[in-house]
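S.K.: Note that my numbering has the sequence shown beginning at 16, numbered continuously upward.
Glycine is no exception: its CB is placed at the ideal position from the N, C-alpha and C atoms.
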Amino acid sequence: MLLEKLKELYDRYYEIQEMMGDPEVIADRKRFVKLNKDYKDLEPIVKAYNDYSNILNNIKTSEEMLNNEDDPEMKNMAKEELEDLRRKKEEMEEKIKYLLIPKDPEDEKNAVVEIRAGTGGDEASIFAGDLFRMYSKFIEKQGWKIEPISNTEGTVGGFKEIIFNVSGENVYGTMKFESGVHRVQRVPQTETQGRVHTSAASVAVLPEAEEFEVEINENDIRRDTFCASGPGGQSVNTTYSAIRLTHHPTGIVVSCQDEKSQLKNYNKAMRVLRSRIYEREYQKYLAEIASKRKTMVSTGDRSAKIRTYNFPQSRVTDHRINLTVYNLQSVMNGDLEEIIEAIKAAENAEKLKETVNEEET
Numbered sequence: 016m017l018l019e020k021l022k023e024l025y026d027r028y029y030e031i032q033e034m035m036g037d038p039e040v041i042a043d044r045k046r047f048v049k050l051n052k053d054y055k056d057l058e059p060i061v062k063a064y065n066d067y068s069n070i071l072n073n074i075k076t077s078e079e080m081l082n083n084e085d086d087p088e089m090k091n092m093a094k095e096e097l098e099d100l101r102r103k104k105e106e107m108e109e110k111i112k113y114l115l116i117p118k119d120p121e122d123e124k125n126a127v128v129e130i131r132a133g134t135g136g137d138e139a140s141i142f143a144g145d146l147f148r149m150y151s152k153f154i155e156k157q158g159w160k161i162e163p164i165s166n167t168e169g170t171v172g173g174f175k176e177i178i179f180n181v182s183g184e185n186v187y188g189t190m191k192f193e194s195g196v197h198r199v200q201r202v203p204q205t206e207t208q209g210r211v212h213t214s215a216a217s218v219a220v221l222p223e224a225e226e227f228e229v230e231i232n233e234n235d236i237r238r239d240t241f242c243a244s245g246p247g248g249q250s251v252n253t254t255y256s257a258i259r260l261t262h263h264p265t266g267i268v269v270s271c272q273d274e275k276s277q278l279k280n281y282n283k284a285m286r287v288l289r290s291r292i293y294e295r296e297y298q299k300y301l302a303e304i305a306s307k308r309k310t311m312v313s314t315g316d317r318s319a320k321i322r323t324y325n326f327p328q329s330r331v332t333d334h335r336i337n338l339t340v341y342n343l344q345s346v347m348n349g350d351l352e353e354i355i356e357a358i359k360a361a362e363n364a365e366k367l368k369e370t371v372n373e374e375e376t
């Protein structure tokens, strides 16, 4: 059964390879990009198919040798070889099971990240700023690139809202697990009595949409310009470089004032607008999966409380998988790998269980 599945994907790999050489396919940019992605996704499966086939052939050869060989020494060698091959076969089968887990088609995309202060007043804005610094350090460690789009600063520090783009390898597939409500428990800078308060900030991670994935009619957009506020030198409050786009069919409003150039701000705002429109359709896909799966740690549900940062006890708890770590300072310095990898493992285990259940039914 496993070999049949692999063979099917193996044949599909070479079918795509042939299609990508077709001039008609090359001319269709959207189709070519999709096929190229599928081709790359199938590469590890093709390698696994070749490795697994070799192991099965070697097992067959060793079994024949064991059954037909009269020399005790050769028979013993064949027996040892067979045991080693059967162990490799089991390991390979486990690896293949995970390779065959359906991938989120958006995982390899760049991401647009939005952090907004929630309940907690000024302390929530400060916490939103802390989250931005945490992600900035994590992104730097991954070798990714961060690009600010817009922000509104808090009255005593941090941000009421900050939006930025992250580009690199498998960005959305990693950052998507951060979507949701993050809570902080600590003594705020604004607290004089030393009491611990709970504040919150929401994080939304959107897969960045390519131009060809979302068609936007320019007539459906109202474009407003205004003076930028905040850091920016002499151009602040003197040049109408900031852009606000209103998309009438969806009601989505996007602003960008990070650049001194109106055109650059417009291009950045359009990227966010495309991604937000694209996300609406993507959320329907996630909702469909969520109806079938129990844990769903990566739905991007913005209302779900996903993590608590407790400063008095130096504790970080991820509520989706009941994981608690006592290294809060390291986490706030961008060491998120342990938490994210644990969430990925839980998600893959759930996907694997779902795949097995589908096969049994």
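Excluding the 5 residues preceding and the 5 following Glu123 in the sequence, name in chain order all residues of the same chain whose CB lies nearer than 6 Å to its CB.
M.R.: For Glu123, where only same-chain residues beyond five positions count, the Cβ hits under 6 Å are Asn185.
S.K.: Under the DSSP definition of a beta bridge, which residues are partnered with Leu338?
M.R.: Asp333.
S.K.: DSSP has Arg238 in a bridge; who is on the other side?
M.R.: Leu260
S.K.: Return helix, strand or coil for Val251, following the three-state DSSP convention.
M.R.: Any reading at Val251 must be qualified, since the residue scores a pLDDT of 46, below 50, and its modelled position is unreliable; the value itself is stated next. Look at Val251 here: in three-state DSSP terms it is coil, with no helix or strand label.
S.K.: So if DSSP puts Leu221 in a beta bridge, which residue, or which two residues, is it bridged to?
M.R.: Val127
S.K.: Buried or exposed: which applies to Ser14, given that a residue is buried once 16 or more other Cβ atoms fall within 10 Å of its Cβ?
M.R.: Here the chain covers residues 16 to 376 and nothing more, so residue 14 does not appear.
S.K.: Give the range of the beta strand (DSSP E) segment to which Gly195 is assigned.
M.R.: 195 to 201
S.K.: Quick one: give me the first and last residue of the beta strand (DSSP E) that Ile31 is part of.
M.R.: Bounds of any beta strand (DSSP E) do not take in Ile31; it lies within the alpha helix (DSSP H) bounded by 17 to 34.
S.K.: In whole angstroms, give me the CA-to-CA distance for Ile292 and Arg101.
M.R.: 50 Å
S.K.: Less than 8 Å between C-beta atoms, sequence neighbours within five positions excluded: which residues of the same chain meet that for His334?
M.R.: Lys320, Ile321, Arg322, Thr323
S.K.: Applying the criterion that 16 or more other CB atoms from any shown protein chain within 10 Å of the CB defines a buried residue, is Thr189 buried or exposed?
M.R.: buried
S.K.: Nearest to Lys110 by alpha carbon, out of Ala361, Tyr64, Thr265, Pro222?
M.R.: When only C-alpha atoms are compared, the closest one is Tyr64.
S.K.: Determine the extent of the alpha helix (DSSP H) in which Ser77 is found, giving its start and end residues.
M.R.: 44 to 83
S.K.: My output table needs one value for Phe179: the three-state DSSP class, helix, strand or coil.
M.R.: strand
S.K.: Could you tell me the boundaries of the alpha helix (DSSP H) in which Val395 lies?
M.R.: Since the displayed the chain opens at 16 and closes at 376, residue 395 lies outside it and no answer follows.
S.K.: With DSSP collapsed to three states, give me the class of Ala139.
M.R.: If DSSP states are grouped into helix, strand and coil, Ala139 belongs with the helices.
S.K.: Check Ile321 in the structure and name its three-state DSSP category.
M.R.: strand
S.K.: Buried or exposed, going by whether 16 or more other CB atoms sit within 10 Å of the CB of Gly248?
M.R.: Legend: pLDDT at Gly248 = 40, less than 50; position of this residue unreliable, value from coordinates given subsequently. By the 10 Å Cβ count, Gly248 comes out exposed.
S.K.: Would you kindly report the start and end of the unbroken alpha helix (DSSP H) that includes Val186?
M.R.: Counting along the chain, the alpha helix (DSSP H) containing Val186 begins and ends at 186 to 190.
S.K.: If we call anything under 7 Å between Cβ atoms a contact, is Lys366 one with Ile116?
M.R.: yes
S.K.: Under 6 Å Cβ to Cβ from Arg131, same chain only, skipping five residues before and after it: list those, please.
M.R.: Glu176, Ser217
S.K.: Classify Val346 as helix, strand or coil using the three-state DSSP reduction.
M.R.: It is helical.
S.K.: Can you tell me which of the three DSSP states Lys118 falls into?
M.R.: coil
S.K.: Measure the alpha-carbon distance for Val251 versus Gly195 and round it to whole angstroms.
M.R.: Note on Val251: pLDDT 46, under 50, position unreliable in the model; the coordinate value appears next. C-alpha separation (whole angstroms): 33 Å.
S.K.: Of the choices Leu260, Ile154, Ile164, whose alpha-carbon is the least far from that of Leu351?
M.R.: Ile154
S.K.: Once you ignore the five residues that flank Lys152 on each side, which residues in its own chain have a CB closer than 7 Å to its CB?
M.R.: Asn348, Gly349
S.K.: Beta-carbon separation of Pro163 and Phe179 under 7 Å?
M.R.: yes
S.K.: Run through the DSSP bridge pairs and tell me what Gly172 is partnered with.
M.R.: Thr170
S.K.: The beta strand (DSSP E) with Val269 in it runs from where to where?
M.R.: Under the DSSP assignment, Val269 falls in the beta strand (DSSP E) whose first and last residues are 267 to 271.
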